[in-house]
Amino acid sequence: MVTLCNNRPEGFGPHSSLHPSIPTTCFLDTILTPSVTWLYLFVLPFLLPLYAKSLRSHNTKRLSATDRFVDDDGLPILRSEWDDDPAPRRGVFIRILSVLYYLLAIAMLGMMALEIARLNLADLGIGLLPFTFGGILAALVLRSSWQARIVRLVNATYWVLLAAAMSVKLVAELREEDGKENRVKGDGVVGRYPTSDEALDVAVMVGVEAALGVLEFIEWQRLAWY
């Protein structure tokens, strides 16, 4: 049976019984980390009017930009005449960043699934971590369908906040005493998911989330050029 929290040596309240100055991983898995996704999903419906406005502005700029690909008679310029234009090279760079973004997002989904599976197998409870899947998938959909600066900014903020929340969790896990020995099942057997292993998984996710935030910021900056 899947539970929210179970067999966690630091307790189940907001403050750890091992280190009163840090929160428990139960609190982080059920409140802090999911709340970032809840806030993100709550904000998304309010972006629709802003997105419509930015889309109209973007289309206007694209129409004006096409003027440089025709001559004075309105005839199209041959590709050889604008090979020195940096736009094609910039396009390749942006495509590379997009591929990297999707690969990192898929890696983030895999790492989150791995953590949830290992928490469940170790009978530690999975908290409300599955809600994070909704945020990651929403960010992927927005990335692929909405070319608007406000969307990029919101996505970047989501990744940074998620990385910050998981950084708090990483600190809490690193400060747990006797990491592997403390995580025991009800029968006294050492659990299958020691603190050191989870700390490594969380550290990887923090790095991936930070990278995704940087890529969204780069895209936000790029859209300002058009």
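The number in the numbering used here is simply the position in the sequence shown, starting from 1, with 24 added. Glycine included, C-beta positions come from ideal geometry on N, C-alpha and C.
- Task: Grab me the residues of F155's own chain with a C-beta within less than 8 Å of its C-beta, minus the 5 sequence neighbours each way, in chain order.
- Result: Here the set comprises P58, T61 and W62.
- Task: Under 7 Å Cβ to Cβ from N30, same chain only, skipping five residues before and after it: list those, please.
- Result: Counting only Cβ-Cβ distances below 7 Å, and skipping sequence neighbours, we find D147, L148 and G149.
- Quick one: what's got a C-beta closer than 8 Å to M135's C-beta in the same chain, skipping five residues either side? Within the same chain, and ignoring the five residues on either side of M135 in sequence, the residues whose Cβ sits closer than 8 Å to its Cβ are D225, V228, M229 and V232.
- For the candidate residues E240, L72, L143 and L52, whose alpha-carbon lies nearest to that of L124? Considering only E240, L72, L143 and L52, the residue with the shortest C-alpha distance to L124 is E240.
- Answer with buried or exposed for I120, where buried requires no fewer than 16 other C-beta atoms within 10 angstroms of its C-beta. Burial call: exposed.
- Message: Tell me the residue span of the alpha helix (DSSP H) that contains E197.
- Response: Element bounds for E197: R173 to L198.
- Task: Between the Cα of L22 and those of E197, L52, I130 and E243, spot the shortest distance and give me the residue it belongs to.
- Result: In the structure displayed, the chain extends from 25 to 250; residue 22 sits before or after that span and is not available.
- Message: On the CB-based measure, 16 or more other CB atoms within 10 Å of its CB, does T54 come out buried or exposed?
- Response: Buried.
- Item | Bounding residues of the alpha helix (DSSP H) (the contiguous stretch that carries I160) | Under the DSSP assignment, I160 falls in the alpha helix (DSSP H) whose first and last residues are F155 to S169.
- Message: Helix, strand or coil, according to DSSP, for I150 in the structure here?
- Response: In this structure, I150 counts as coil in the three-state DSSP scheme.
- Item | 7 Å CB neighbourhood of I140 in its chain, flanking five on each side removed | Cβ neighbours of I140 beyond the five flanking positions: I150, L153 and P154.
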